[in-house]
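This note's numbering numbers the first residue of the sequence shown as 12 and each following residue consecutively.
No residue lacks a Cβ here, since even glycine has one placed at the ideal position from N, Cα and C.
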Amino acid sequence: MQHVRHLLESKGHQVYSVQSDANVLDAIKQMAEHGVGALLVMRGETLAGIVSERDYARKIILRGRSSSTTPVSEIMSANVLTIGLDASVEECMRLCTDSRVRHLPVLDGGRIVGVLSIGDLVKAVIDDQAQEIEQLQRYIVS
């Protein structure tokens with residue numbers, strides 16, 4: 012089973028974020044521009060929360076609020092779960108499943124070095140399973 016460190020080596024360390032006082036419309040535009048479903052919310056250099064398309068749908072659209080005047084800080088999830096580089100994919104999957112989250116910021120010494128999505132984790136599990144099946148097939152044939 013792979014570890015977060017290996018996933019980020021292949022995926023990359025790109026992190027998209029928005030400041031907590033930015034308006035929600037700017038955050039949604041940035042998500043669309045980068046093709047991501049969530050942004051880290053920062054207060055200066057400090058992780059303050061995470062905002063997702065789901066937050067937008069539930070806390071802006073369904074409540075009839077204005078995305079151009081509502082600050083991200085009013086709809087973000089403030090209790091952000093984070094992981095370290097040495098966490099296994101299995102640990103991350105369990106954390107996402109148990110906590111019902113889809114994005115995990117990755118920290119190294121308190122510094123954000125990447126973000127993993129549930130899609131990244133599922134892909135890693137599928138890749139590991141495919142490799143194991145291939146090895147078993149080679150063993151059977153030989």
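Helix, strand or coil at R122 according to DSSP, with G and I counted as helix: Here residue 122 refers to the residue found at position 111 when the sequence shown is read from its first residue. R122 falls in the strand class under three-state DSSP.
Three-state secondary structure (DSSP) at G75? Position 64 of the sequence shown holds residue 75. Collapsing the DSSP output to three states places G75 in coil.
Unbroken stretches of the beta strand (DSSP E), 3 residues or longer, contained in the stretch 30-68: Runs of the beta strand (DSSP E) lying entirely within the stretch 30-68 and spanning at least 3 residues, in chain order: 49-54 and 57-63.
For I137, is the classification buried or exposed, using 16 other Cβ atoms within 10 angstroms of its Cβ as the cut-off for buried? Residue 137 sits at position 126 when you count from the first residue of the sequence shown. That one is exposed.
Please work out which residues of its chain come closer than 7 angstroms, Cβ to Cβ, to R65, disregarding the five sequence neighbours upstream and downstream, and give them in chain order. The residue you call residue 65 lines up with position 54 of the sequence shown. Here the set comprises nothing.
Please classify Y150: is it buried, with 16 or more other beta-carbons within 10 angstroms of its beta-carbon, or exposed? On the sequence shown, position 139 is the one that residue 150 refers to. Y150 should be labelled exposed.
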